[in-house]
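One line per chain: the protein sequences are X and C, in this order. Using this note's numbering, the letters of the first sequence correspond one by one to residues 14 to 301. Using this note's numbering, the letters of the second sequence correspond one by one to residues 14 to 123. Glycine included, C-beta positions come from ideal geometry on N, C-alpha and C.
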Amino acid sequence: MSARGVTEPELPAERLRAEVLTRARAAGHPPESLRAFAEAVAHLDEAALWQAVTLVPRAAAALDISGRLAAELDPLTAWSLNRAHADEDALGLPTRGSARPRILVGAEEDRELSLTGAKRLSARDLGESPAPPSGRHARPAQAPSLADAPTGPSGRFARPGEPLAAQQAPSSRHVAPPAARLLGVAHRRVAAGPAFPTGRMMELLVEALLEGLPVEAQLSGPSATGRGIFLQAREAGSGHALQLHVPATGETAWFNAQDLRDGAALPILGRRVCALVELLLPGRREDA
Amino acid sequence: MQPSAPFRDREFNGATLLEEWAELRAGQESPLSVAHAALEVRALAAAPAVEARARLSQWATAARQHTPALAALMLRWAGRLRTAPDTALLAGHLERLALLGEALENGRRK
C-alpha cells in the first residue's frame, strides 16, 4: 500500500472536521464555544462527526422553519440541539418541543440577549417555574398547552380524547415564544403536502390573519426561497387580499390570495415567489 | 359605531405595524412588554373611549421610566381613541405588534 493509501482513511474526517469548524466560525460563535466544540469533535471519525452535526429529526421537529435552516447551516447549533435531545433520551424525558429552551453555549447566552435588544426576562415573565439549578439544559416546568398537542389533517388543534392523526399530517410543534404564550397564542408548523394541499393552506392562512394573527411562512418559487410574514388579510371582491412582508429584503406588498393559490408569481422577491411551502400557524389556545 | 379614522386605515395593521416595531426595537423594547400592554388595553375594551384614553395615558406616563419607547407609542394611540370600537382595535393592534416583533426577532436571531 502506498503512503497515500495509508493516510487516505484519515483525510475525509480531517477535511470534514475543518469544514465543520469553518462553518461554525462563520456562524459567529464566540471563541470559547468554538474551542469547546472543536475539542468535543476532535476524536470523532468521519461517520460519527457527520452524524453529530446533522440535525436529528426529533430535534428538527422542535424548531420552526428558519430555526431548522439555521441549524442545518450551522454545525455547532445542530450539535448542541442533537446533544440536548440525546441527554433527554438518556434521562427518559418525554418529547416536549414547546418546553425546550434554546440551547446556547457559554457566552452566547448573553450575546443572544444583547443581539435581540430584548430585556432579560425572569422565569415568571415567561410564565414558567424557575428552572432547576442543573444548568442550561434544564427544562422549565410547564403545563401542557395546545402547542404540545398533536394536530390532525383537518388543520385544527386536536381536542382531548380525539383520535390523533399526527403521524399522517406533516405538521409539528413549535417552541411557544413568551409574548405569544402570554397572549394565549400557540403555533404549529404546517407543511404543504397531501394532507395540506395549497387550498387548505390558504384557508388556514386567511383564517389566522382574519383573526388578527400574523403568520410566518416559507415561500418558494422556481429559483428563490424566502421567509415571509403575512401581516393581514382583507376582503377584496369575492376573495381576499393579503399583505406580505419579507424581512430579509424589507419588502412589503399586497397581492390577491387567488394568485398565491394558483401559483402565480407574486410582486415580491423579484416576482419569483409563487408557492407556500410551510406555515408557522398561530391559533388561540382554548385554555387561554 | 364606526371606528375613528386612524383605526380604519388600510395600513393600521400593516406598514404602520412594521414602523412601530422598528421604533420599539430601537428603544430596546421586548415583544413581551408589548404583549403586556396589549392585555392592559384589552382590559379597557369595554370602557368608554374617554375613560380608556385617560387610563391609558396614566398607564403610559407611569411606564415612561421603564419602557420609554412603548410608553410614547401608547400615549400616541391613547390620544387617538375617539369611539367605542377604537380600544378593542388598539388591543388587537398591539397583540399583532407583539407577535410580529417576536417573529422578526426570532428570524434575526437565527
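Worksheet item: On the three-state DSSP scale, how would you describe valine 228 of chain X?
Response: Valine 228 of chain X: strand per DSSP, three-state reduction.
Worksheet item: From the beta carbon of arginine 109 of chain C, is the nearest beta carbon of chain X less than 7 Å away?
Response: Taking CB atoms only, arginine 109 of chain C has a neighbour in chain X less than 7 Å away.
Discussion item. For glycine 239 of chain X, list the residues DSSP reports as bridge partners.
Written reply: X:Leu232
Practice prompt. With distances taken Cα to Cα, identify the nearest neighbour of phenylalanine 20 of chain C among C:Pro81, C:Ala76, C:Leu103.
Written response: Of C:Pro81, C:Ala76, C:Leu103, the residue nearest in Cα terms is C:Leu103.
Worksheet item: Quick one: is glutamine 231 of chain X buried, meaning 16 or more other Cβ sit within 10 Å of its Cβ, or exposed?
Response: So glutamine 231 of chain X ends up on the buried side.
Item to complete: Would you mind telling me which residues of chain C sit closer than 9 Å to arginine 240 of chain X, beta carbon to beta carbon, in chain order?
Response: Gly120
Fill in: Simplified DSSP assignment, three categories, for histidine 258 of chain X
The answer is strand: DSSP assigns histidine 258 of chain X an E or B state.
Worksheet item: Is the region 241 to 248 of chain X in contact with the region 217 to 225 of chain X, if contact means three or more CB pairs nearer than 8 Å?
Response: yes
Worksheet item: glycine 296 of chain X by DSSP, collapsed to three states: which one?
Response: Strand at glycine 296 of chain X.
Worksheet item: Name the chain X residues that come within less than 8 Å of valine 47 of chain C, Cβ to Cβ?
Response: What valine 47 of chain C touches in chain X: Ala192.
Fill in: Reduced DSSP secondary structure (H/G/I, E/B, other) of asparagine 119 of chain C
helix
Worksheet item: Can a CB atom of chain C be found closer than 7 Å to the CB of alanine 179 of chain X?
Response: Only weak support is given to the placement of alanine 179 of chain X: the predicted model assigns it a pLDDT of 33, under 50, and the value that follows is read from those uncertain coordinates. Not closer than 7 Å to any Cβ of chain C, the Cβ of alanine 179 of chain X fails to qualify, so no.
Worksheet item: Nearest-angstrom Cα distance between leucine 89 of chain X and leucine 34 of chain X?
Response: In a straight line, the C-alpha of leucine 89 of chain X is about 8 Å away from that of leucine 34 of chain X.
Worksheet item: In this structure, does DSSP put histidine 49 of chain C in helix, strand or coil?
Response: If DSSP states are grouped into helix, strand and coil, histidine 49 of chain C belongs with the helices.
Worksheet item: List, in order along the chain, the chain C residues whose C-beta lies closer than 8 Å to that of glutamate 85 of chain X?
Response: Taking a Cβ-Cβ threshold of 8 Å, none of the residues of chain C is close to glutamate 85 of chain X; the smallest such distance is about 11 Å.
Fill in: 7 Å Cβ cutoff, proline 44 of chain C in contact with chain X
yes
Worksheet entry | For valine 290 of chain X, three-class secondary structure by DSSP | strand
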